[in-house]
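Trainee: Here the protein sequences line up with chains Z and D, keeping their order.
In this text, residue positions in the first sequence follow my numbering: the first is 2, and each later residue adds one.
In this text, residue positions in the second sequence follow my numbering: the first is 220, and each later residue adds one.
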Amino acid sequence: MLPFKPILLWTDMLVLLLIAAVIAFVVRARQHEHLRAPWRKVARSTGGMIAAPVLLAFLAIGFLDSLHFQRGTPPEKGQTDMRYGPDVLSVLDILVEHLRIHQERSFSAPFATHAHSRETITRPDGSQVRDFPRLRHGGSHLVDPETDRAADIGRRLLRAVGISAVLGVLVSVAVVGTYARRRGLSFDGALGAMRDGDVDLPIGPMLVSTLLLITTFTMLFALSGVYHVFGTDKVGQDVFYLTLKSIRTALVIGTATTLVMLPFAVTLGMLAGYFRGRVDDAIQYLYTTLSSIPDVLLIAAAVLMMQVYMDTHPEIFDSVTRRADFRLTFLCIILGVTSWTGLCRLLRGETLKLREQEYVLAAQAFGVSHFRILLRHILPNVFHLVIITTVLKFSGLVLAEAVLSYVGVGVDPAMNSFGTMINSARLEMAREPIVWWSLAAAFAFMLLLVLSANLFADAVRDAFDPRIRPVRRGPRVKRSGVAPARRAAEAA
Amino acid sequence: MSTPILSLSGVRTTVRGADGDLHPVDGVSFDIAAGETFALLGESGSGKSLTALSILRLLPDGVDVTAGSIHLDGTDLLALPEQAMRDVRGRRIAMIFQEPGTSLDPVMTVGDQIREVLDRHLGLRGAAADGRALELLDAVGIPDPRRRLDEFPFQLSGGMKQRVMIAGALAGEPALLVADEPTTALDVTIQAQVLELLRDLQKRLGMAMLLITHDLGIVAGMAHRVGVMYAGQLVELAPAERFFAAPDHPYSRKLFESLPTRPTAAGRLSVIRGSVPPLGQVGKGCRFADRCDDVLPGCRDADVPMKALEPGHAIRCILDSRALAPAVVSAPADAAVKVASPLLDIQDLRIHFPIRKGLFRRTVGHVRAVDGVSLAIPAGRTLALVGESGCGKTTVGKGIVRLLPLATGRIMMDGVDLAKLDGRALRDRRRDFQIIFQDPFASLDPRMRVSEILEEGMTALRPDLDAVQRMEAVDALLTSVGLATESKGRYPHEFSGGQRQRLAIARALAVEPKLIVCDEPTSALDVSVQAQILNLLRDLQERLGLAYLFISHNISVVRYLAHEVAVMYLGRIVERGPTELVLRHPAHPYTEALLSAVPALHGIDARDPIRLEGDLPSPAAPPAGCHFHPRCPRATDACKREYPGATTVGPSHLVHCLHPAH
Numbered sequence: 002m003l004p005f006k007p008i009l010l011w012t013d014m015l016v017l018l019l020i021a022a023v024i025a026f027v028v029r030a031r032q033h034e035h036l037r038a039p040w041r042k043v044a045r046s047t048g049g050m051i052a053a054p055v056l057l058a059f060l061a062i063g064f065l066d067s068l069h070f071q072r073g074t075p076p077e078k079g080q081t082d083m084r085y086g087p088d089v090l091s092v093l094d095i096l097v098e099h100l101r102i103h104q105e106r107s108f109s110a111p112f113a114t115h116a117h118s119r120e121t122i123t124r125p126d127g128s129q130v131r132d133f134p135r136l137r138h139g140g141s142h143l144v145d146p147e148t149d150r151a152a153d154i155g156r157r158l159l160r161a162v163g164i165s166a167v168l169g170v171l172v173s174v175a176v177v178g179t180y181a182r183r184r185g186l187s188f189d190g191a192l193g194a195m196r197d198g199d200v201d202l203p204i205g206p207m208l209v210s211t212l213l214l215i216t217t218f219t220m221l222f223a224l225s226g227v228y229h230v231f232g233t234d235k236v237g238q239d240v241f242y243l244t245l246k247s248i249r250t251a252l253v254i255g256t257a258t259t260l261v262m263l264p265f266a267v268t269l270g271m272l273a274g275y276f277r278g279r280v281d282d283a284i285q286y287l288y289t290t291l292s293s294i295p296d297v298l299l300i301a302a303a304v305l306m307m308q309v310y311m312d313t314h315p316e317i318f319d320s321v322t323r324r325a326d327f328r329l330t331f332l333c334i335i336l337g338v339t340s341w342t343g344l345c346r347l348l349r350g351e352t353l354k355l356r357e358q359e360y361v362l363a364a365q366a367f368g369v370s371h372f373r374i375l376l377r378h379i380l381p382n383v384f385h386l387v388i389i390t391t392v393l394k395f396s397g398l399v400l401a402e403a404v405l406s407y408v409g410v411g412v413d414p415a416m417n418s419f420g421t422m423i424n425s426a427r428l429e430m431a432r433e434p435i436v437w438w439s440l441a442a443a444f445a446f447m448l449l450l451v452l453s454a455n456l457f458a459d460a461v462r463d464a465f466d467p468r469i470r471p472v473r474r475g476p477r478v479k480r481s482g483v484a485p486a487r488r489a490a491e492a493a
Numbered sequence: 220m221s222t223p224i225l226s227l228s229g230v231r232t233t234v235r236g237a238d239g240d241l242h243p244v245d246g247v248s249f250d251i252a253a254g255e256t257f258a259l260l261g262e263s264g265s266g267k268s269l270t271a272l273s274i275l276r277l278l279p280d281g282v283d284v285t286a287g288s289i290h291l292d293g294t295d296l297l298a299l300p301e302q303a304m305r306d307v308r309g310r311r312i313a314m315i316f317q318e319p320g321t322s323l324d325p326v327m328t329v330g331d332q333i334r335e336v337l338d339r340h341l342g343l344r345g346a347a348a349d350g351r352a353l354e355l356l357d358a359v360g361i362p363d364p365r366r367r368l369d370e371f372p373f374q375l376s377g378g379m380k381q382r383v384m385i386a387g388a389l390a391g392e393p394a395l396l397v398a399d400e401p402t403t404a405l406d407v408t409i410q411a412q413v414l415e416l417l418r419d420l421q422k423r424l425g426m427a428m429l430l431i432t433h434d435l436g437i438v439a440g441m442a443h444r445v446g447v448m449y450a451g452q453l454v455e456l457a458p459a460e461r462f463f464a465a466p467d468h469p470y471s472r473k474l475f476e477s478l479p480t481r482p483t484a485a486g487r488l489s490v491i492r493g494s495v496p497p498l499g500q501v502g503k504g505c506r507f508a509d510r511c512d513d514v515l516p517g518c519r520d521a522d523v524p525m526k527a528l529e530p531g532h533a534i535r536c537i538l539d540s541r542a543l544a545p546a547v548v549s550a551p552a553d554a555a556v557k558v559a560s561p562l563l564d565i566q567d568l569r570i571h572f573p574i575r576k577g578l579f580r581r582t583v584g585h586v587r588a589v590d591g592v593s594l595a596i597p598a599g600r601t602l603a604l605v606g607e608s609g610c611g612k613t614t615v616g617k618g619i620v621r622l623l624p625l626a627t628g629r630i631m632m633d634g635v636d637l638a639k640l641d642g643r644a645l646r647d648r649r650r651d652f653q654i655i656f657q658d659p660f661a662s663l664d665p666r667m668r669v670s671e672i673l674e675e676g677m678t679a680l681r682p683d684l685d686a687v688q689r690m691e692a693v694d695a696l697l698t699s700v701g702l703a704t705e706s707k708g709r710y711p712h713e714f715s716g717g718q719r720q721r722l723a724i725a726r727a728l729a730v731e732p733k734l735i736v737c738d739e740p741t742s743a744l745d746v747s748v749q750a751q752i753l754n755l756l757r758d759l760q761e762r763l764g765l766a767y768l769f770i771s772h773n774i775s776v777v778r779y780l781a782h783e784v785a786v787m788y789l790g791r792i793v794e795r796g797p798t799e800l801v802l803r804h805p806a807h808p809y810t811e812a813l814l815s816a817v818p819a820l821h822g823i824d825a826r827d828p829i830r831l832e833g834d835l836p837s838p839a840a841p842p843a844g845c846h847f848h849p850r851c852p853r854a855t856d857a858c859k860r861e862y863p864g865a866t867t868v869g870p871s872h873l874v875h876c877l878h879p880a881h
């Protein structure tokens, strides 16, 4: 019998669905050159390849945090069934268990060995003083924190650098070796090619970003065992742990929302553009109405209504995690429902243009059904827009979650997210001395995630946007890279 | 010859690419004297436009002149700093571009665009600039120039815009005018006007002109000297008269032979094999060797230098010059009119597009794009539909294959009225009629493989075939249009323009139609490739007994391919009859004007083109009476009252005119 029970939350299902969709797309892209070519261009862009390892690391953390289970205890005598604890944990929780259980009593600064505020301490002799008490876990192994801490941190950092150097060499050898094999070069040959800049992939920048990432993470983990590297929050939870847990929330919001949005945007946009007339009128009416209501109000109203429902029916959720997850799912849905209008408008415009294309007319001349034309001609030709919008929208959604949680209509307060971290940091900023580390940690991680997502999105946009492709030259329909009006102005 | 204004010597333009450097212009040398028109002739991709941009130093990023020199009046243009170059552009050298619609700034008035040049280069402002702008607009023949000064480009027609462009170019009183395909985007009657204007201005102002074009007819009418470009090199440099009498380079000769006005005795056009090699694939030796009929073993050994045959005449060929055998101008198709029951009989076809206005999109009027067209095409014959853009000829084509909703009319085919069919019944009949479009780059889905493209029609209309039979059919189709069967796994972008048009033809043939509507199938192609496609269409007609409705504005193509011609003007057919009769003895004044505007190959000013006043009126509000009367030189009061009925002027030659020519 398993010592744990797997739990499939709603958002886990969305995550699995997304992974399945991505795998299906990869399989399809491998067979179709026109699907594969733009991704090769992404792989050649320096910005995209610097961002990719960072994004991958975030995705890995998010994925590990999406495998949920309940821990079981062996049956006691006289009972046959396992008993399962009430806590829903994820694989990530187990990997960083020390962070989860090393709770302090309240605030403490990064690398602190003493609490942030004075407390009344009862000395062994019974007398009471007000002083900064030692932390339960942070630096608890040090005999005299004042003198030993710097040396201890230095020693641990040195060891971390050693480990990451070994890891770095292994990774570099693996990457360069793979690349050499694919190009049919010897290992030395590949190194030489990289030195001469004779490589079609930006391997150098990608390796640098990977190595930096490895070093940072090794250092963080080497220190986080005995210190709170980002400090602790009001209830004594390790901020590094909170930040790691927030990554999944951000990723789920950023990707699952797209999953909700796409069916609306793609179907309605293509229908409006293809059939025009009354269908178009109806769909346009729908999205102009929807987009003229302020999104935040709509979301707030929906979330508050759902909150009331959840409060009046507490029996449908058997754990706090399920309850928080339901709210996250609902937030994804409502964000998706309010954010499809932009892409829909874009696709309608593109479809209006495509339906006049001669290959669509040729298909109509064959009597091909409308449904088939939409599926075989229109959809593949607007797909680049879908991909570009999806990746561009990701970072916007991550930020939107932060804003919504800040206003109080975001995720459940029990769920870790960058938004809730920033929201609680709002009050802490007013304390004296100032508690800055929750905000700083949330800000830094969110910035890193959004920045790398944006860099990657730029690379994707450049690769997929047909207007950025090299100029095609044919007679009559000749177009040049420079707009004729500009050239004419220069010629004048 | 006087001292040259512009002198190019060994100019090489380099595109720096990821896969090494390419040279779209590779060692081009020529001179232009004051008052002379030098025509740079070549197919697409030959590097003629980049040569012009190199002279003006307006090359796109990543493209640079890397060798040679360009002198203007003794000044080395390549050595000038950018600041000084800006005084050259517009002042010493002016340029006009192909597309008048995109060359004018849409948010500036016509006057402002011209005044900008006057201010920049001549320092003219205020009233002086206004006066000069008026003079310029007047000089380029714009009626009512004072009103036009304050108008925006969208208020002008295409021909007007090109005139404004020319006025702007002349504003700096340049010594050299570079005209890059100045009339390619214009209709043939407007083209005649613009060319005449350019010729006239050049004579009056004595400026030199560099004319870039792919059209031999334009060169014949305009140029004093000709340079033929091929794959980045000049291959022949000759005085125009000498060139048109007997071109010497095999490529030049082939260009002439592939014109549809010169079919060989067998009724086929001489073609140049293959197409212009891509830049990356030019090897050592003569670049034309792979397509040359007279190729010798030595051709590919070393680069061929220009060889002077006589002063001012040089070719890049190791062969000795040989005079061109006089071309046989055979009778076009066959002139005899066979009496056959028509395959397609169209009666009074009307296609109207509603004009909607207001909140509830009420229909307030109609654009009568097609307004009562009657046609008949016998099986295995070709009917050409000729007219300028906007006359509704493409709309007729799309209406016949039922891609547009019809207002009224009958389209009888095999005793069935196609206009009345709907849904399932229409779908079943679609096998009989197919369409080929103009732009081979837009007519093939870029995301589908060749086999998928060809299969699409069969899957929809021939459900009796299984996958294996369909694949066999795909192979047979590719062979019949002259493509390798291996190409079925490739994507359209891997093919050249001519090959794509072959694919489009194969796609239409896949369902074994009886009629194919060909909507300008060769107008986006180079001359040499056009000949290949025309030959293919003709072969297919003979072999499969296809009937074509051939829509075109190119009279020489029509003369080659069509048995009968119908001329359209503003949604109606004004003249209809056997090709030979209509083209030799046009009866309608519009047909006469259209034919006279076509640039002729021989003799500058051989005849005076009939100049049409004004532009095509809007089909939303056609003139009362005969639609053509406001522009017609023979119009009388009677013409304003009612639309003339059909008059027979010869055997099966009909014309809608009160005053036919004979």
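Virtual Cβ for every residue (Gly too), placed ideally from N, Cα, C.
Predicted, not measured: the structure shown is a model, and the values here were computed from it.
#1: Contact check, D:Gly584 vs D:Met448 under 8 Å by CB: the rounded distance?
#2: With D:Leu291 and D:Arg311 assumed to form a contact (beta carbons below 8 Å), what rounded beta-carbon distance in angstroms separates them?
#3: The beta strand (DSSP E) that contains D:Arg581, what's its start and end?
#4: Nearest chain D C-beta to Z:Leu332 closer than 8 Å, yes or no?
#5: Check for me: the alpha helix (DSSP H) holding D:Gln566 runs from which residue to which?
#6: Do Z:Leu192 and Z:Val176 have their C-beta atoms closer together than 8 Å?
#7: Cα-Cα, which of D:Gly266, D:Glu811, D:Phe463 and D:Leu562 is closest to D:Ile829?
#8: Give the secondary structure of D:Lys473 by DSSP, where H, G and I count as helix, E and B as strand, and everything else as coil.
#9: Going straight from the alpha carbon of Z:Met83 to that of Z:Ile254, what length do you get?
#10: Taking the straight line between their C-alpha atoms, what separation do you get for Z:Phe419 and Z:Val209?
#11: What are the residues of the stretch 669 to 703 of chain D that lie near chain Z, defined by any Cβ-Cβ distance shorter than 7 Å?
#12: In this structure, how does DSSP classify D:Val868 when only helix, strand and coil are distinguished?
#13: Assuming Z:Trp341 and Z:Phe265 form a contact by the criterion Cβ under 8 Å, report the distance between their Cβ atoms to the nearest whole angstrom.
#14: State the Cα-Cα distance for the pair Z:Val399 and Z:Asp197, rounded to the nearest angstrom.
#15: Kindly say whether D:Gln751, judged by its beta-carbon, lies nearer than 8 Å to any beta-carbon of chain Z.
#16: Do D:Val793 and D:Phe847 have their C-beta atoms within less than 8 Å of each other?
#17: Could you compute how far the alpha carbon of D:Arg719 sits from the alpha carbon of D:Val669?
#18: On the criterion of 16 or more Cβ atoms from any shown chain inside 10 Å, does Z:Ser453 qualify as buried, or is it exposed?
#19: Could you spell out where the alpha helix (DSSP H) holding Z:Pro54 opens and where it closes?
#20: Does DSSP put D:Cys737 in a helix, a strand or coil?
#21: At 4 residues or longer, and completely inside the stretch 358 to 405 of chain Z: list those alpha helix (DSSP H) runs for me, N to C.
#22: DSSP three-state call for D:Ala703: helix, strand or coil?
#23: At 3 residues or longer, what runs of the beta strand (DSSP E) sit wholly inside the stretch 737 to 781 of chain D?
#24: At a cut of 8 Å, does the stretch 770 to 783 of chain D reach the stretch 855 to 870 of chain D through at least three beta carbon pairs?
#25: Please work out which residues of its chain come closer than 8 Å, Cβ to Cβ, to D:Gly425, disregarding the five sequence neighbours upstream and downstream, and give them in chain order.
#26: Pick helix, strand or coil for Z:Phe108, following the three-state DSSP scheme.
#27: Quick check on D:Ala542: buried or exposed, where buried means 16 or more other Cβ atoms within 10 Å of its Cβ?
Mentor: In terms of the structure at hand:
#1: Not quite, the Cβ-Cβ distance comes to about 49 Å (not below 8 Å), so this is no contact.
#2: 6 Å
#3: Arg581 to Pro597
#4: no
#5: Per DSSP, D:Gln566 belongs to no alpha helix (DSSP H); it is in the beta strand (DSSP E), Pro561 to Lys576.
#6: no
#7: D:Glu811
#8: helix
#9: 34 Å
#10: 27 Å
#11: Glu675, Gly676, Ala679 and Leu680
#12: strand
#13: 4 Å
#14: 40 Å
#15: no
#16: One thing to note: D:Val793 has its Cβ within 8 Å of the Cβ of D:Phe847.
#17: 10 Å
#18: buried
#19: Thr47 to Leu65
#20: strand
#21: 359 to 366 and 371 to 374
#22: coil
#23: 766 to 771
#24: Remark: fewer than three beta-carbon pairs, one from each stretch, lie closer than 8 Å, so the stretch 770 to 783 of chain D and the stretch 855 to 870 of chain D are not flagged as touching.
#25: Ala253 and Gly254
#26: coil
#27: Confidence at D:Ala542 is low in this model, with a pLDDT of 45, below 50, so the placement of that residue is unreliable and no value is reported for it.
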